[in-house]
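Working notes, beginning with the structure itself.
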Amino acid sequence: MIKKICRNIYLILIFVFLYAPIVTLVVLSFNKSKTRAKWGGFTLKWYGSLFTNEAIMGALMNTLLIALVASVVSTLIGTIACISIMNLNKKMRSVVMGVTNIPMLNAEIVTGISLMLLFISFNFKFGLGTILLSHITFCIPYVILSVMPRMQQLNPYAYEAALDLGAGPVYGFFKVILPEIMPGIASGFLMAFTMSLDDFIITHFTKGAGVDTLSTKIYTEVKKGIKPEMYALSTIIFVTVLILLLLVNYKPLEKRQKTDKEVKEAVKVGG
Amino acid sequence: MDNHKRNLKILGSPYYLWSAFFIIIPLAMVFYYGLTDRSGAFTLANIASIIQTEHIKGLFLALELSFISTVICILLAYPLAMILSARKVSSKSFIVLIFILPMWMNFLLRTMAWQTLLEKTGVINSVLSFLGLPVLKIINTPSAIILGMVYNFLPFMVLPLYNCISKIDENVINAARDLGANSLKVFTRIILPLSIPGIISGITMVFIPALTTFVISKLLGGSKILLIGNIIEEEFTQASNWNLGSGLSIVLMIFIIVSMVITEIFDKGGESNFL
Amino acid sequence: MKKNHVIVMLLAVMVLALTSCKGGSAKNGEVVVYNWGEYIDPETITMFENETGIKVVYDEFETNETMYPKVEAGATVYDVICPSDYTIQKMIDNDLLQEINFDNIPNAKNIGAQYYEKSTEFDPGNKYSIPYCWGTVGILYNKTMVDEPIDSWTVLWDPKYKDNILMQDSVRDAFMVALKTKGYSMNTTDLDELTEAKNYLMEQKPLVQAYVIDQVRDKMIGDEAAIGVIYSGEAIYTQRENENLEYVIPKEGTNVWIDSWVIPKNARNVENAEKFIDFMCREDIALLNFEYITYSTPNDAARDLIEDEDIRNSKIAFPDLSQYQNLETYKYLGQEGDELYNELWKEVKSD
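Residue numbers (my numbering), protein chains in the order written: chain A, 55 to 325; chain B, 3 to 277; chain C, 30 to 380.
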């Protein structure tokens with residue numbers, strides 16, 4: 055009994071630790087005073103002015119656009135690459151996987167800097183395009199790493215049997231292989247999306263004039279005092295995601311069969 | 003069939019080209035800049051400059067703070083993962099969600115919020131002084147940076163650990179108990195060894211980002227504390243000495259590789275997956 | 030289950046995307062502006078876009094030191110930039126700027142003659158720059174936390190105020206304070222003087238709560254610190270938010286700075302850049318900007334339009350500089366000078 059209470063207290067403490075800053079941000083979004091240092095009374099006006107704030111809305115659009123395009127493109131390139139990697143000999147495969155691991159394991163600051171040096175030397179125009187190229191670059195490894203295990207679990211004879219039965223390679227791929235690796239692709243896509251959405255450091259080094267994502271916008275604002283609209287926006291995003299996740303989780307579907315795999319997927323999304 | 007296989011290999015060429023151009027060449031450029039001076043002549047001075055007092059201090063401090071943060075993360079996350087994995091299955095996903103949800107709030111904002119909480123006249127201190135307790139003085143100190151690191155990276159420790167521990171077969175534990183092992187023994191002989199892969203991937207996911215951060219130290223350290231990440235960032239964005247910045251980046255990469263080799267050695271048993 | 034996740038995420042994206050709509054397209058090309066953070070009234074940009082049909086691509090920097098490498102690298106091509114005095118000199122020296130055709134900027138006449146004269150220190154002949162804002166660097170203190178009269182930089186070394194001092198996190202400003210206190214020129218490249226200043230700054234470091242730039246503003250308003258080094262332009266704003274704050278120019282002298290519009294050599298839209306600068310020099314626009322950012326405007330015509338007499342004649346916004354001694358303006362110290370300062374500053378910061 056005491057053990058149980060201790061456990062619950064521990065859980066609550068960690069919960070408080072994790073959510074204290076978030077509660078702070080939510081509270082600040084209702085703060086009438088413009089500076090974060092003072093409480094000026096309750097207001098909802100920031101939620102109104104948020105939608106007319108072009109800078110923040112533009113940053114939001116950029117962030118979503120980049121995340122969406124980067125995750126779609128990297129999912130495509132990564133999944134196709136997996137098929138090819140599977141067919142390489144052992145030595146080549148380990149070389150390719152080694153290179154794939156670099157952006158994940160290297161310091162983000164070094165990845166960001168190295169891409170910046172590349173873009174400058176090859177005269178790229180810094181802007182949305184360079185951010186996108188960088189995001190795709192660091193997203194692909196996450197896709198490959200979540201699709202690869204699925205590929206390895208495939209029964210190689212199923213595909214060959216399909217071919218023997220007269221299916222073309224493309225048809226065989228879509229009918230036999232794709233359904234099997236779909237969960238890996240989905241979690242790879244989600245991971246890429248999340249990573250792109252939350253990235254600051256690499257964007258910081260590869261962005262151009264007037265193109266801001268939410269992260270870089272916040273970083274500039276941190277110095278002069280964050281605009282209260284930003285708190286309002288974060289609160290909206292947070293609540294939206296919260297509600298969506300609750301809806302998904304409380305659907306009584308397949309509930310009891312929640313396996314470790316799903317948990318692992320969740321881990322990856324976080325990672 | 004061989005022909006078919008070759009076709010499959012060619013399918014990957016977009017990715018191979020991509021990684022050559024956006025991973026290999028950029029890294030080569032870091033090495034090029036790191037090994038030359040402003041005029042383009044070969045030099046080792048940029049790399050050797052790590053022994054300058056201010057650089058070596060930044061490196062050691064970063065190593066120290068990220069090490070402490072990693073240890074704290076393990077200590078906090080382990081009991082947590084055990085408690086969570088002992089829960090009923092139906093609530094599992096919900097609890098895991100709780101750890102992922104904060105990550106949807108921009109991490110700069112979350113770190114910024116800690117400033118509001120920790121400041122001299124901040125939320126925590128207002129509560130403390132209201133209760134007549136002594137105030138906290140940790141903002142702009144290394145402790146605040148450690149707190150920021152632990153806060154930001156804790157989920158990356160909890161989730162792999164949880165993933166690992168919840169996979170341990172109950173029957174193994176029950177068998178050990180039947181054979182007379184007490185709780186401590188069950189823990190040290192069964193749970194701990196079986197969770198090593200989780201600890202290892204947790205360490206990789208906490209230690210490296212903590213070692214190389216420049217944002218957390220800037221926001222919570224009041225720019226009074228320079229970590230190696232801050233030094234590199236400032237060489238690029240302020241001093242515009244790219245050669246020096248690249249040289250120090252090379253040193254940083256060496257440390258990352260070393261730390262990975264070390265964890266790899268400890269991870270002799272399992273096939274290490276980094277997620 | 031997996032599929033649900035994806036669908037839900039996509040829905041979330043679409044909902045968020047739909048709620049935000051970006052309108053407006055460029056009819057007459059664009060102008061790429063690179064300015065200090067929070068250094069313009071956003072309303073004036075919209076006005077400019079509406080009046081001219083030119084789209085403004087607006088980017089912000091935090092210090093001259095972060096701005097310069099970006100412009101030098103040429104990765105992003107800007108049309109209008111707003112650097113400070115010594116950086117303008119550096120850009121002229123390194124051939125990064127083009128001469129401005131004043132015929133196309135009729136409103137440039139609104140800028141007071143004394144500011145053009147001051148500009149010749151870094152832009153001989155007034156060929157490359159048109160002043161936008163000017164001011165001093167001084168001490169902002171909280172009257173409720175400091176009960177002595179403050180008129181000297183030395184208060185920043187007073188152990189009484191340990192953890193209550195905010196220093197500037199930029200090389201030149203930090204060294205300026207130390208050099209001035211020691212009675213040296215803030216443009217010195219003498220190693221002995223600089224080493225002395227460096228040691229002095231290291232001595233100060235344990236007393237400093239944080240090295241910040243623009244955050245001085247928020248922290249002082251929130252009673253986080255008693256004393257801060259700040260640009261004069263922030264003084265009016267902070268006083269408005271917290272009436273206990275007071276701004277002084279220390280008796281040892283300080284930096285008088287001018288931030289001016291310049292057009293880089295590689296600018297792609299020179300004509301639009303001229304239109305933008307001209308617009309910003311218009312008295313009503315300069316007034317809007319002054320009221321929004323509260324930095325002193327060199328635009329005499331705009332100053333005459335200020336309705337609030339207290340502000341029009343404010344000693345803080347428009348100080349009579351002849352009363353003060355040892356005022357200087359930063360000069361570009363050459364590549365070697367820059368590197369020396371950076372090196373010494375790094376030593377201070379990592380101490």
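Ideal placement from N, C-alpha and C gives every residue a C-beta, glycine not left out.
Keep in mind that this is a model prediction, so the values were computed, not measured.
Cβ-Cβ separation, residue j to residue i (assumed contact under 8 Å), whole Å
i	j	result
K344 of chain C	N273 of chain C	Not really, about 18 Å apart at Cβ, beyond 8 Å.
I76 of chain B	I210 of chain B	The pair is not a contact, with the Cβ atoms about 15 Å apart (cut-off 8 Å).
I111 of chain B	I126 of chain B	For the sequence presented, residue 111 of chain B should be read as Leu rather than Ile. Their Cβ separation, rounded to whole angstroms, is 18 Å, which puts L111 of chain B and I126 of chain B out of contact at 8 Å.
G132 of chain A	I198 of chain A	5 Å
S242 of chain B	E368 of chain C	Incorrect: roughly 10 Å between the Cβ atoms, too far for contact.
M96 of chain C	Y63 of chain C	7 Å
N328 of chain C	I134 of chain C	Between I134 of chain C and N328 of chain C the Cβ distance is about 13 Å, and since that is not below 8 Å, they are no contact.
Contacts that residue i makes with chain B (C-beta to C-beta distance below 9 Å)
i	result
F178 of chain A	Simply none; closest approach about 11 Å.
F292 of chain A	L103, P104, W106, M107
Proximity to residue i [Cα-Cα], best of the options
i	options	result
G181 of chain A	A:I134, A:I239, A:I272, A:T117	A:T117
L229 of chain B	B:S41, B:I52, B:M107, B:M114	B:I52
E128 of chain C	C:S214, C:T267, C:A302, C:Q197	C:A302
Y35 of chain B	B:L246, B:V260, B:M255, B:N232	B:L246
G45 of chain A	A:T133, A:A113, A:Y211	Summary: the structure shown does not reach residue 45 of chain A, with chain A confined to residues 55 through 325, and so no result is reported for it.
L125 of chain C	C:Y157, C:D88, C:Y240	C:Y157
V277 of chain C	C:Y213, C:D114, C:V106, C:Y353	C:Y353
P233 of chain A	A:D253, A:L208, A:A161, A:F84	A:L208
A240 of chain A	A:T165, A:S128, A:I63, A:C60	A:S128
T260 of chain A	A:T274, A:L122, A:L186	A:L186
S125 of chain A	A:G279, A:M55, A:I134, A:I190	A:I190
L120 of chain B	B:E266, B:I102, B:G150, B:G134	B:G150
A215 of chain A	A:Q206, A:F227, A:M205	A:F227
K7 of chain B	A:I139, A:T294, A:Y273	A:I139
Residues bridged to residue i [DSSP beta-bridge criterion]
i	result
V86 of chain C	C:V61
Q197 of chain C	C:V241
C162 of chain C	C:D288
V258 of chain C	C:I168
F44 of chain B	B:T38
V277 of chain C	C:I168
V109 of chain C	C:V62
I140 of chain C	C:N328
Neighbouring residues, chain F, relative to residue i (Cβ below 7 Å)
i	result
E56 of chain B	Absent from the structure: chain F. Protein chains present are A, B and C.
Cross-chain neighbours of residue i in chain C, by beta carbon under 9 Å
i	result
L123 of chain B	Per the sequence shown, residue 123 of chain B should be read as Thr rather than Leu. Those within 9 Å of T123 of chain B in chain C are G251, D252, E253.
F173 of chain A	A104
L65 of chain B	Within 9 Å Cβ-Cβ: nothing; L65 of chain B doesn't reach chain C, min ~14 Å.
Residue i: CB within 7 Å of a non-hydrogen atom of the ligand MN
i	result
V208 of chain B	The model on display carries no ligand, and the ligand MN is accordingly not part of it.
Chain C residues whose Cβ lies nearer than 8 Å to that of residue i
i	result
N142 of chain B	Q238, A239
L77 of chain B	Residues of chain C passing the Cβ test: none, with the nearest at roughly 29 Å.
K229 of chain A	Going along chain C, no residue has its Cβ under 8 Å from K229 of chain A, so there is no contact; the nearest lies around 18 Å.
S225 of chain B	D198, A239, Y240, V241, K378
R90 of chain A	D247, G251
Cutoff 8 Å: residue i Cβ touching any chain B Cβ
i	result
D198 of chain C	yes
C50 of chain C	Annotation note: pLDDT 38 at C50 of chain C (below 50); position unreliable, no value reported.
F243 of chain A	no
P157 of chain A	yes
P98 of chain C	yes
Interface residues of chain A facing residue i [CB-CB closer than 7 Å]
i	result
Q244 of chain C	K277
D88 of chain C	A263, G264
Where residue i meets chain C, residues with beta-carbon distance less than 7 Å
i	result
A241 of chain B	N371
G60 of chain B	S379
L228 of chain B	K378, S379
8 Å Cβ cutoff, residue i in contact with chain A
i	result
A104 of chain C	yes
Contact set between residue i and chain B, taken where Cβ atoms lie within less than 8 Å
i	result
E162 of chain A	P211, T214
Closer than 9 Å at the beta carbon, the chain A residues around residue i
i	result
G66 of chain C	T274, E275, K277, K278
Residue-level contact to chain C via CB, residue i, 8 Å cutoff
i	result
S21 of chain B	no
V135 of chain A	Position check: residue 135 of chain A holds Ala in this sequence, whereas Val was assumed. No, A135 of chain A does not count as interfacial toward chain C.
R147 of chain A	no
L277 of chain B	Here L277 of chain B scores only 38 on pLDDT, less than 50, and its place in the model is too uncertain to base an answer on.
8 Å Cβ cut-off: residues of chain A touching residue i
i	result
V61 of chain C	A263, G264
Listed by chain order, chain B residues near residue i by CB distance under 7 Å
i	result
A74 of chain A	L119
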